[in-house]
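All remarks here apply to the structure that follows.
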Amino acid sequence: MRTVLIVIFMYSFLGAYEYDKLLLRAEAYTFPKIVIMDKNYRQKLNNNSIEIAILFEPIDKLVAIELKKMIKDKFGTKISTNKLEIQLVEFEKLDRKYSAYIALKSKNGILEKVSSKSKEQGRIMFAYDYQDLKRGALVSLVIENYTSLYMNKIEIKTSRIDFNSAIFSIVRLW
Amino acid sequence: MVKLSTKVIGSTGIIAFVVTLTFVVSLKEMVQSAFFESETNKAELVVKTIEPVIALNLYLGFEDKLFNTLETTMRNSDILRIEVMNLDNKIISKREQTRLNKSDIESSIKVVSTLHIGENQENIGYVRLYYSTFDLSSVIHSFDNYIYLMLLLLFIFLFLLAGLLHYLHAPLQKIADSLMNYKIGDTLDIGIKNSSDEVGLISLSVINMSKKINDFTSQLQNSNTILEQSVQDKTKELRNQLYSDDLTSLPNRKKLILDLVMIKHKNISLINIDDFKEINNLYGHRAGDKILSNFSKVLLRVVENYPIDIYSMGADEFACVYKKDEFEPMYLYELMTRIVYQLQNSFVSYKNQEIDVRVSVGIAIENENTTGKANIALNKSRELKRQIVMYERSMGVEEMYRENIERLNELKEALDHDRIVPYFQPIVRIKDRITTKYEALIRLIKPNNEVIAPYYFLELAKKSRLYSSLTEIMIEKSLKVVLDTSYEISINLSLQDILDSDTMNYLKESLERYGIAERVTLEILESEGIENYEEVSHFIRDVKTLGCKIAIDDFGTGYSNFDHLIHLNIDYLKLDGSIIKNIDTDENSRIIVETMVDFSRKFGIETIAEFVHSEDVLNTLEEIGVDFAQGYYLGEPADKLL
């Protein structure tokens, strides 16, 4: 019994990222929409689809699955006039380009690496945790008094992503 | 009367009011329109500004942010309401001002914009904004106040202008008042001539003009006075000419009539120079005038010591009027006797020759028709061969004159109304008792159709210049009646007719016109033939060349020279009624007629017996051998041919 509790505790400690379902849902509803706020998003399609990769640590697989489900529930297979596909990809197994990335929590160094890649690709890196913006993510969402979108102002400058200027009227720059 | 200042104010006011009102209202409309457009632009700008944010928040589902955005936008108090709607026009989010009236919303500017997102500009909904027009209303209200203020200022301006105009026109009114009461001759005093502006100039000019008018009027009055005097002098001269005789310079008949009116005891003594015609014939007319002039001087000298006025009555007649109011008729008679005596003992000279002048005097002391009665007295003096005769009522000629005037008027009226007509009496050829001729006898028809015989008017006509008209009417009407018959016609002519060249010309022209001269017999009285043999003979020769026949009328009453009769070349002798009427009973008459018939027959002259009144007379005439007969037994004069 004790062992079980220790395992659960240690598992919990090890997998101690807590995910706010409300935030997840908000991000599920919002992040795909932001993808098409990129003026050049059509050039970033995979097989004529907006293919979003949910990047996760193995411990967060369930969360990733849930996020994917939320997105699917919200948007189905289309967003705007474009096909939408959601892929679940572990951080370590990211080996190709996607239209955009949604990064769940990760170990140190992992997110920086994939953010750098995404930046090279000119893809948007969404982060579940807005703290990950300082690790190279581009966009994140925070639920404060209001739901607020945050953008990494340094990455915006250096990225090759050309957002619709309207978005800057609602995002906060971090 | 509408004053000039009133007209100016009135017209200025109307024009200013209309212009101002038009201007202000137009301006108001323009401003209102511009302001409305401006407010609309503002509203659209707001919408454009918030639209992307709203669209994005709506797109991203950030309803709280959307609400926040709307909330922030509503801080602008001009924005009354914002509504965000989905594609089905269902309001998703709405914010509005508190205490909003329905009228505010209804009067607000509404701007609707479609919400787009993404590069595809995909429609995701609508935003509707209600923008307040309160500012616009304020502007309009301000404008209205401005209009009222403008109108008030305009009114004040016009009021002041009216006052100013009144003040400026006052001198003109003063001038007008002065001129209104101005009479020619007055000295005009307007009292503003010291003013140095136009009004002063007008005033000065008017005063100068009035002075000139006065001067001119004065000159005109002087001229009028001179003219009046000239007219008076001329009138006097003409009057003198009208009332004085040219030859003797004595007052004339017209003056006498005027003066008689003023005399209480009217009297005229007419002095006529006896046989003045002989004096004229003896010395000539020019000498006669000179003698008359000298006579008038003698007369004046004779009466100079008496209260007598002398008048020239024309020709050789003078009138004396005794000017005393009271006198006895016998006194005047004796006075005139003395005057006549002195006249006839005075010398009337002509070219150093003494002319023996005798006068006749007729005196009338009558208040009515003094001149006429004096004439009657004068005529009486000639008739009785008495030098002086005083008019008495018993003289009876007054009645005759009155009757003559009445008859003359009747005659004139008859001539005017064509009531002088020929009546025709048949002349019968005795041997077969056939009417071959008619004698035309003049008649006057009165208005009541009474037929008047010539004795009533013929002698008067001879004296009154109407006679020739009667003859011409008889010629014309007689010829006209017999024209279309086979009868002969006898027309009576007097010596006066024969001696009147106009009448003779008319006769000849009528004979030629009608072309029946050979059927015309012209009857001349035996007595006139005797007395004027030469003239009658000449006349007979003339008319016989035209084809006329000649008859001697009333033969047997005069003392005809048979030799003369023969040489006159007559065609008929009309035996006077006085020797015919008793021919059947009086042997002497028969013998006379037989002698006349014998004589006539020897010279180819036919005889016509007048006044045949019975069959016995006619039979006797037939026995004797008279050719024609005329008389009541054979036919009375009638207006038509029988």
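Protein sequence lines, in the order shown, are assigned to chains A and B.
Whatever position you read off the first sequence (first residue = 1), add 57 for our numbering.
Whatever position you read off the second sequence (first residue = 1), add 186 for our numbering.
Yeah, the Cβ is synthetic: ideal placement off N, Cα and C, and Gly gets one too.
Just the Cα atoms here: how many angstroms apart are R425 (chain B) and I412 (chain B)? 19 Å
Mind checking F402 (chain B): buried by the 16 CB within 10 Å criterion, or exposed? exposed
Assuming K140 (chain A) and S106 (chain A) are in contact, meaning their beta carbons sit under 8 Å apart, how far apart are those beta carbons, in whole angstroms? 4 Å
How is the alpha helix (DSSP H) around L412 (chain B) delimited, first residue to last? Looking at the sequence provided, one finds Ile at residue 412 (chain B) rather than Leu. Where I412 (chain B) is concerned, the enclosing alpha helix (DSSP H) stretches over E384 to Y429.
Please classify S216 (chain A): is it buried, with 16 or more other beta-carbons within 10 angstroms of its beta-carbon, or exposed? buried
So, at 8 Å on beta carbons, what are the nonlocal neighbours of E721 (chain B) in its own chain, with the 5 sequence-adjacent residues on each side left out? L681, I684 and L685
Could you work out which residues of chain A lie near N243 (chain B), taking near to mean beta carbons separated by less than 7 Å? I227
When the Cα of Q144 (chain A) is compared with those of A:Y158, A:K90 and A:E169, which residue comes out closest? A:Y158
Cβ-based neighbour list, S650 (chain B), same chain, cut-off 7 Å, excluding 5 preceding and 5 following: L594
In chain order, what residues of the same chain lie with their CB nearer than 8 Å to the CB of K509 (chain B), ignoring the 5 residues before and after it? I449, P493, I494 and D495
Cutoff 7 Å: T87 (chain A) Cβ touching any chain B Cβ: yes
For K623 (chain B), which residues in the same chain have their Cβ closer than 8 Å to its Cβ, ignoring the five residues on either side in sequence? P612, I613, Y673, E674, I675, S676, T707 and F814
Under 9 Å between beta-carbons, which chain B residues line up against S197 (chain A)? List them in chain order, please. By Cβ distance, chain B contributes nothing, its closest Cβ being about 14 Å from S197 (chain A), past 9 Å.
How about E431 (chain B) and N438 (chain B): are their beta carbons less than 7 Å apart? The sequence shown places Asp at residue 431 (chain B), not Glu. Yes.
Check whether the Cβ atoms of V194 (chain B) and L390 (chain B) lie closer than 7 Å to each other. no
Does DSSP put T300 (chain B) in a helix, in a strand, or in coil? strand
Please decide whether N254 (chain B) counts as near chain A, where near means a Cβ-Cβ distance under 7 Å. yes
Which class does Q611 (chain B) belong to by DSSP, given the choice of helix, strand or coil? strand
Going straight from the alpha carbon of Y641 (chain B) to that of E589 (chain B), what length do you get? 13 Å
One question on the structure: do L711 (chain B) and D740 (chain B) come within less than 7 Å of each other, judged by their Cβ atoms? yes
Are the C-beta of T204 (chain A) and some C-beta of chain C separated by less than 7 Å? Absent from the structure: chain C. Protein chains present are A and B.
Between the region 194-203 of chain B and the region 258-274 of chain B, are three or more C-beta pairs nearer than 8 Å? no
For a test of your reading of the model: does the CB of I370 (chain B) fall under 6 Å from any non-hydrogen atom of the ligand MN? Yes or no. The model depicted lacks the ligand MN and carries no ligand whatsoever.
Are the C-beta atoms of K131 (chain A) and some chain B residue less than 7 Å apart? no
Buried or exposed: where does I342 (chain B) fall if 16 or more other Cβ atoms within 10 Å of its Cβ makes it buried? exposed
I'd like the list of long-range same chain contacts for E808 (chain B), defined as Cβ closer than 6 Å, with 5 residues on each side in sequence excluded. I616
Among the residues of its own chain, which have a CB less than 7 Å from the CB of E55 (chain A), if the five just before and after it don't count? Outside the modelled stretch of chain A, which goes from 58 to 231, sits residue 55 (chain A), for which no answer is possible.
Which residues in the same chain have their Cβ closer than 6 Å to the Cβ of S226 (chain A), if we skip the five residues on either side of it in sequence? none
Is S279 (chain B) closer than 7 Å to L252 (chain B) when the C-beta atoms are compared? yes
What would DSSP say about T793 (chain B), mapped onto helix, strand or coil? strand
Buried or exposed: which applies to P823 (chain B), given that a residue is buried once 16 or more other Cβ atoms fall within 10 Å of its Cβ? buried
Measuring straight from C-alpha to C-alpha, what distance separates V488 (chain B) and S546 (chain B)? 16 Å
Mind checking which residues open and close the alpha helix (DSSP H) that includes F290 (chain B)? Phe is not the amino acid found at residue 290 (chain B); the sequence shown has Asp there. From DSSP, the alpha helix (DSSP H) with D290 (chain B) extends over K288 to S293.
If you count every other CB in all the chains shown that lies within 10 Å of the CB of S664 (chain B), and 16 or more means buried, which is it? buried
Neighbouring residues, chain B, relative to K90 (chain A) (Cβ below 7 Å): Y245 and L246
The region 217-246 of chain B: which residues have C-beta closer than 8 Å to a C-beta of chain A, in chain order? P238, V239, A241, L242, N243, Y245 and L246
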